[in-house]
Amino acid sequence: MSDNRKYYYLKLKENYFDEDAIVLLESMQDGILYSNILLKLYLKSLKNGGKLQLDENIPYTAQMIATITRQQVGTVERALQIFMKLGLVEPLQNGALYMSNIELLIGQSSTEGERKRRARLALQEQKALPKAGADKCPPYQADICPPEIEIEIEKEIEKERERELDTGQPARAAYGRYENVFLSQSELDGLKADLPDKWNYYIDRLSCHIASSGKRYRSHAATIYKWAQEDAARKAPKKGIPDYSCKEGESL
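Using the UniProt record's numbering, read the sequence shown as starting at 1 and increasing by one per residue.
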């Protein structure tokens with residue numbers, strides 16, 4: 001029986017506990033409890049894009065958070081106040097709480113992700129990000145929500161690392177708009193040589209196709225070559241039916 005449930009995961013940088021906000025938090029009385037609550041809230045907010053909500057209409061209250069984190073209500077209330085002072089949690093207009101740094105703790109970690117976060121903050125006109133009742137990410141925030149695509153990319157990267165260890169061959173690098181097209185250096189060089197004006201177009205085309213459809217391919221290089229051959233065949237002039245008719249006075 002197939003498992004169609006969605007899974008999200010939290011990815012912490014190795015220096016997570018050395019960050020100023022976390023060091024300050026854990027240095028407080030009951031700070032270790034607060035740190036534990038914070039991690040649990042990060043995990044609970046993953047499937048809602050960083051929002052602490054039971055569903056799209058019911059935000060978590062302090063009592064509900066105390067229940068799911070198995071802590072005292074007073075401890076949770078003090079923790080939430082501290083989180084907001086440290087900028088770890090933001091109140092939203094609909095009464096829910098938003099985990100401020102969640103986009104840096106989900107999926108693929110990269111400087112590109114941090115650039116998008118800075119862009120989001122620059123476009124943010126007020127502190128409470130999604131408007132009340134909003135259940136979808138705005139266009140500029142779509143790339144930093146916790147989509148399944150980033151989890152799939154992480155899985156592919158892990159497979160490449162395992163392949164490198166098993167075979168001793170260098171792992172294939174990720175290319176394309178969504179960094180989900182994996183090619184070895186020799187495969188990339190071959191594409192550049194065989195498709196000098198189109199190799200980048202086909203990599204991006206395959207990247208978007210994989211991201212939108214969720215399909216998997218045994219060889220990304222082979223798929224690109226196949227598409228290029230199919231495109232060339234469609235553009236080739238079709239051979240017409242020979243004209244065997246003859247005018248009066250002519251013979252075949």
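We put the beta carbon where it would ideally sit given N, CA and C, even for glycine.
All of these numbers come straight from a predicted model, not from anything done at the bench.
In or out: residue i buried (at least 16 other Cβ within 10 Å) or exposed?
i	result
R172	buried
E19	exposed
E179	buried
K51	buried
N200	exposed
A66	buried
A236	exposed
F17	exposed
R234	exposed
Q141	In this predicted model, Q141 has a pLDDT of only 39, less than 50, meaning its place in the structure is not dependable; the value taken from the coordinates is given anyway. Under this definition Q141 is a buried residue.
E187	buried
G176	buried
I37	buried
Indicate, with yes or no, if the ligand PLP has a heavy atom lying under 7 Å from the CB of residue i.
i	result
N15	Among the components modelled here there is no ligand, and therefore nothing to report on the ligand PLP.
Do you know offhand how far residue i's Cα is from residue j's?
i	j	result
A174	Y202	14 Å
S35	L88	11 Å
Y60	K198	51 Å
A222	G190	11 Å
L54	K44	9 Å
S27	A21	10 Å
Q72	D30	12 Å
N15	L33	19 Å
Q126	L195	Interpretation of Q126 is limited by its pLDDT of 39, a score under 50 that renders its predicted location unreliable; the figure taken from the coordinates is listed afterwards. Spanning the two alpha carbons is a distance of roughly 48 Å.
L41	K215	32 Å
K192	N101	39 Å
Under 8 Å by Cβ, that's how I've got residue i and residue j pegged, so tell me the actual separation to the nearest angstrom.
i	j	result
L46	L10	7 Å
When DSSP builds the beta bridges, which residues end up paired with residue i?
i	result
D55	I58
M99	V89
F182	A174
L195	For L195, which the question treats as bridged, DSSP gives no partner whatsoever.
From the beta carbon of residue i, is the nearest beta carbon of chain D less than 8 Å away?
i	result
K13	Absence of chain D from the displayed structure is noted, only one protein chain being present.
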